[in-house]
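Just so you know, the protein sequences line up as chains A and B, in that order.
Here this note's numbering is used: the first residue of the first sequence is 4, the next is one more, and so on.
Here this note's numbering is used: the first residue of the second sequence is 4, the next is one more, and so on.
Don't be surprised by glycine CBs; every beta carbon is placed ideally from N, CA and C.
No experiment lies behind these values; they were computed from the predicted model shown.
Below is one structure, written out as structure tokens, with a few remarks after it.
Protein chains: 2
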Amino acid sequence: MTRRLTTIKDIAKALGISVATVSRAMRDTYDVSAETRKLVLDAAAKMNYRPNFNATGLVKSGTHKIAVIIPAITNYYFSTVITGIQEYALEQNYQVMLYLTNDSAYWETKVVRELSLSSVDGLLACITYETADFSHFEELVEADMPLVFFDRVPESIKTSVVVQDDYTGACMATEHLIAQGYSKIAHLAGPPGLNLTQQRLQGYLDTLKKHNLESYGVIHSGFSDENGRQDISILFHSASRPDAIFSVNDRKGFGVILWLREQGIKVGEEVGVIGFTNDPTSKIISPSLSTIAEPAYEIGRKSCEVLIRHIQKQSYPTQEISLPTELIVRESTQR
Amino acid sequence: MTRRLTTIKDIAKALGISVATVSRAMRDTYDVSAETRKLVLDAAAKMNYRPNFNATGLVKSGTHKIAVIIPAITNYYFSTVITGIQEYALEQNYQVMLYLTNDSAYWETKVVRELSLSSVDGLLACITYETADFSHFEELVEADMPLVFFDRVPESIKTSVVVQDDYTGACMATEHLIAQGYSKIAHLAGPPGLNLTQQRLQGYLDTLKKHNLESYGVIHSGFSDENGRQDISILFHSASRPDAIFSVNDRKGFGVILWLREQGIKVGEEVGVIGFTNDPTSKIISPSLSTIAEPAYEIGRKSCEVLIRHIQKQSYPTQEISLPTELIVRESTQR
DNA sequence: TCTGGTTTCGATAACGTTCTCGCTACTATT
DNA sequence: AATAGTAGCGAGAACGTTATCGAAACCAGA
């Protein structure tokens with residue numbers, strides 16, 4: 004009825020040797036003769052032996068598993084980050100457990116709290132835009148659980164973080180708009196609690212100031228294209244219309260382009276639009292969307308690498324890694 | 004140095020009772036008094052106790068983990084399926100381990116073979132389009148590992164499967180094109196090895212036959228928009244040009260629309276295009292893409308549900324579930 | 001006061017590994 | 001020929017939990 008797997012004991016019994024020898028033969032060749040080792044390995048293959056990770060994990064505390072906690076995966080950025088994480092983890096023989104918070108602080112707390120500390124070696128997290136209280140993460144840090152944040156990082160917790168250079172990216176975007184001759188620039192920002200939002204906002208503001216321009220509006224809202232539509236319509240119903248939009252991400256930029264198109268306003272020629280992410284859809288939408296490309300895949304790999312370093316050496320110093328972004332010019336910022 | 008977690012023993016010692024009592028108090032109230040139970044629970048909370056899943060998994064063979072093996076997650080369909088899986092799993096207190104094969108049969112085999120049979124309770128898989136040899140899955144079935152396939156399913160292995168109704172969806176797509184007045188219809192199909200490809204192709208062919216029309220071309224290739232561009236250009240350089248395209252998925256349809264637009268051919272008016280998936284980008288592209296919507300989220304939930312049923316009752320009969328699709332009419336099929 | 005039945009708890013053996021000893025047998029050294 | 005050293009292996013404990021069995025404590029009925 005319940006499936007019975009071959010264990011190390013079965014091999015020992017079949018070969019008439021002790022379990023200790025089998026165990027040794029299984030991994031390092033140290034302290035076992037070449038012939039017994041071969042005998043054991045052959046028997047193991049024949050009997051279709053697979054190690055029981057519960058048992059090994061119990062004795063040497065250390066499962067080869069890492070948990071990834073992320074708001075969602077149904078968008079280009081997050082799914083690409085996960086791909087990077089997954090690939091690096093697999094290369095290093097670590098396995099990935101996936102937890103989706105759906106951008107709910109409640110679920111995030113629940114998932115983190117219920118996470119068995121003994122079932123993973125470390126944690127890779129990207130916080131909710133709701134999260135204000137970080138005590139569930141702080142508990143983990145206190146318990147010496149290796150923890151690395153990426154993309155959306157809390158400022159109060161001192162752990163390693165891996166992010167893209169949001170500030171410089173925002174500067175590049177704003178510089179580009181100005182260079183293209185736009186001067187009445189507004190910013191559609193993200194949720195105010197996120198440091199990513201603040202960085203991009205600051206880059207935008209500083210660049211305006213550098214050119215002696217003033218902001219034509221900043222609206223904070225979510226990351227969806229629907230948010231973009233709403234925000235742009237608010238801006239265009241105000242007294243001072245902008246002639247360019249810097250959106251905190253591409254999806255919101257799509258909403259802007261769609262809305263402008265519906266209103267018969269020529270994107271690029273009349274109103275410039277630039278996003279952030281380099282979502283593949285930004286090439287497909289018409290006019291195509293200029294954007295700041297984020298190194299999503301690299302962020303995934305790098306954060307996983309840092310985490311595994313922390314797992315393997317508890318003395319590994321805390322890292323703050325910022326990966327460069329790149330300006331991609333398309334139609335939406337062409338006069 | 005290495006983090007030391009509070010165990011059931013620590014609680015027992017602190018309270019001066021036996022580990023057995025603590026263990027009992029932790030789960031069902033059976034055989035323990037209400038007061039000791041409360042004592043234990045309070046102490047556990049105070050001492051920040053977390054159960055060690057390795058230990059429980061060892062004694063009652065059964066980790067509460069399922070593995071999901073999937074070609075990629077950087078597209079709408081797969082990421083949505085995963086979201087459904089994840090949500091249902093979490094509701095049922097199961098944890099999800101994610102494995103990406105990157106559509107490589109080699110990696111798929113490697114991942115499945117190295118998967119410790121004892122570290123997961125069951126497996127949810129979507130095969131590579133390369134996979135021709137299924138012995139790595141068959142080995143799992145022989146070892147009585149619960150296994151459910153979704154979306155892309157091998158025909159040779161007798162396990163539960165959860166798919167969308169590809170055949171009927173393809174019929175609906177073709178019927179719609181015909182109803183809109185198109186008659187020279189071609190099909191951009193998927194990789195020939197996949198049953199999903201065959202089902203959609205068959206639905207297309209059967210519907211043409213029903214209306215006494217003949218096919219204006221079938222091309223098999225991959226799922227990317229680049230594949231779509233290449234295929235449509237081949238079709239339009241042949242003698243008999245089609246006036247409508249049924250694409251096996253939306254991404255390929257995007258390539259078709261982009262190419263037609265570049266050639267100055269009016270999509271909809273001159274050439275109708277319909278896809279399959281209902282990727283969010285199909286609303287964003289211009290003209291917007293008509294499509295057959297797949298219940299991706301539901302497929303995720305349902306396949307996870309079936310898997311957990313199999314895990315909990317080994318006598319649970321093999322299921323073949325097919326979820327309905329829906330026609331979504333947009334601009335790309337309007338004259 | 002004795003019997004029989006509950007209720008509540010403790011000892012102890014598992015689960016499948018790894019790890020620490022220690023023992024044997026063989027080889028090398030003097 | 002006696003001793004020291006080493007290679008190869010086995011016995012047993014340990015990891016944290018659950019399960020089985022039985023023991024104590026209590027209560028009711030006679």
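Minimum C-alpha distance to residue i - residue among the options
| i | options | result |
| --- | --- | --- |
| Asn57(A) | Met148(A), Ile88(A), Val123(A) | Val123(A) |
| Glu217(B) | Ser227(B), Ile237(B), Pro245(B), Asp228(B) | Pro245(B) |
| Arg254(B) | Glu272(B), Val22(B), Lys286(B) | Lys286(B) |
| Lys316(B) | Arg338(B), Glu94(B), Pro149(B) | Pro149(B) |
| Glu142(B) | Met50(A), Ser36(A), Ser236(A) | Met50(A) |
| Thr83(A) | Asp34(B), Arg30(B), Gln322(B), Asn105(B) | Asn105(B) |
| Ala47(A) | Ile11(A), Thr59(A), Thr32(A) | Ile11(A) |
| Lys213(A) | Glu94(A), Ser138(A), Ala182(A), Thr32(A) | Ala182(A) |
Inter-residue spacing [alpha-carbon to alpha-carbon] between residue i and residue j
| i | j | result |
| --- | --- | --- |
| Arg27(A) | Leu61(A) | 17 Å |
| Met4(B) | Gly65(A) | A caution first: Met4(B) carries a pLDDT of 34, below 50, which makes its placement in the model unreliable, though a value can still be read off. Each residue's alpha carbon lies about 14 Å from the other. |
| Tyr185(A) | Ile277(A) | 12 Å |
| Ala75(A) | Ile88(B) | 13 Å |
| Asn215(B) | Lys187(B) | 12 Å |
| Ser291(A) | Ser250(B) | 23 Å |
| Ile73(A) | Ser318(A) | 26 Å |
| Gln266(B) | Ile295(A) | 29 Å |
| Gly172(A) | Ala92(A) | 28 Å |
| Asp13(B) | Pro54(B) | 12 Å |
| Leu261(B) | Ser293(A) | 18 Å |
| Thr9(A) | Thr162(B) | 23 Å |
| Ser306(A) | Ala17(A) | 45 Å |
| Tyr300(A) | Phe81(B) | 17 Å |
| Thr86(B) | Arg40(A) | 45 Å |
| Ala189(B) | Ser241(B) | 12 Å |
| His223(B) | Asp147(A) | 53 Å |
| Phe140(B) | Arg304(A) | 29 Å |
| Ser289(B) | Arg333(B) | 10 Å |
| Val156(B) | Ile302(B) | 13 Å |
| Glu178(A) | Ile331(A) | 13 Å |
| Ile324(A) | Ala37(A) | 46 Å |
| Ala15(A) | Tyr52(A) | 12 Å |
| Val35(A) | Met29(A) | 10 Å |
| Cys129(A) | Ala176(B) | 40 Å |
Residue i, enclosing beta strand (DSSP E) - first and last residue
| i | result |
| --- | --- |
| Gly275(A) | 275 to 277 |
| Ile324(A) | 323 to 326 |
| Ile364(B) | In the structure as shown, chain B starts at 4 and stops at 338, and residue 364(B) therefore has no counterpart that could be examined. |
| Val164(A) | 163 to 167 |
| Ile222(A) | 221 to 223 |
| Val99(A) | 98 to 103 |
| Leu330(B) | 329 to 331 |
| Phe249(B) | 247 to 250 |
CB contact flag (residue i, residue j, <8 Å)
| i | j | result |
| --- | --- | --- |
| Arg203(A) | Asp169(A) | yes |
| Val43(A) | Val71(A) | no |
| Asp234(B) | Leu191(B) | yes |
| Arg167(B) | Pro298(B) | Position check: residue 167(B) holds Gln in this sequence, whereas Arg was assumed. Yes, the pair counts as a contact, with Cβ atoms nearer than the cut-off. |
| Ala274(A) | Ala247(A) | Reading off the sequence, residue 274(A) comes out as Val, not Ala. Yes. |
| Pro194(B) | Gly225(B) | yes |
| Gly231(A) | Gly258(A) | yes |
| Ser159(A) | Glu133(A) | no |
| Thr336(A) | Leu180(A) | yes |
| Leu238(B) | Gly256(B) | no |
| Thr2(A) | Tyr79(B) | Absent from the model: residue 2(A). The displayed extent of chain A is 4 to 338, so no value can be given. |
| Tyr102(B) | Val114(B) | yes |
| Val164(B) | Val144(B) | no |
CB-CB length for residue i against residue j, believed under 8 Å
| i | j | result |
| --- | --- | --- |
| Thr210(B) | Asn252(B) | Not a contact, Cβ separation roughly 18 Å. |
| His313(A) | Gly125(A) | 6 Å |
| Met100(A) | Lys63(A) | Actually they are not in contact, since the Cβ atoms of Met100(A) and Lys63(A) sit about 19 Å apart, beyond 8 Å. |
| Glu111(A) | Thr131(A) | 5 Å |
| Leu326(B) | Leu127(B) | No, Leu326(B) and Leu127(B) are not in contact; Cβ-Cβ is about 15 Å, not under 8 Å. |
N-terminal and C-terminal residue of the alpha helix (DSSP H) that residue i is part of
| i | result |
| --- | --- |
| Val1(B) | Nothing can be reported for residue 1(B), as the shown portion of chain B is limited to 4 through 338. |
| Glu265(B) | 253 to 265 |
| Gly19(A) | Premise fails: Gly19(A) is in no alpha helix (DSSP H) and is neither H nor E. |
| Glu117(B) | 108 to 117 |
| Ser285(B) | 284 to 287 |
| His190(B) | From DSSP, His190(B) is part of no alpha helix (DSSP H) but of the beta strand (DSSP E) over 188 to 192. |
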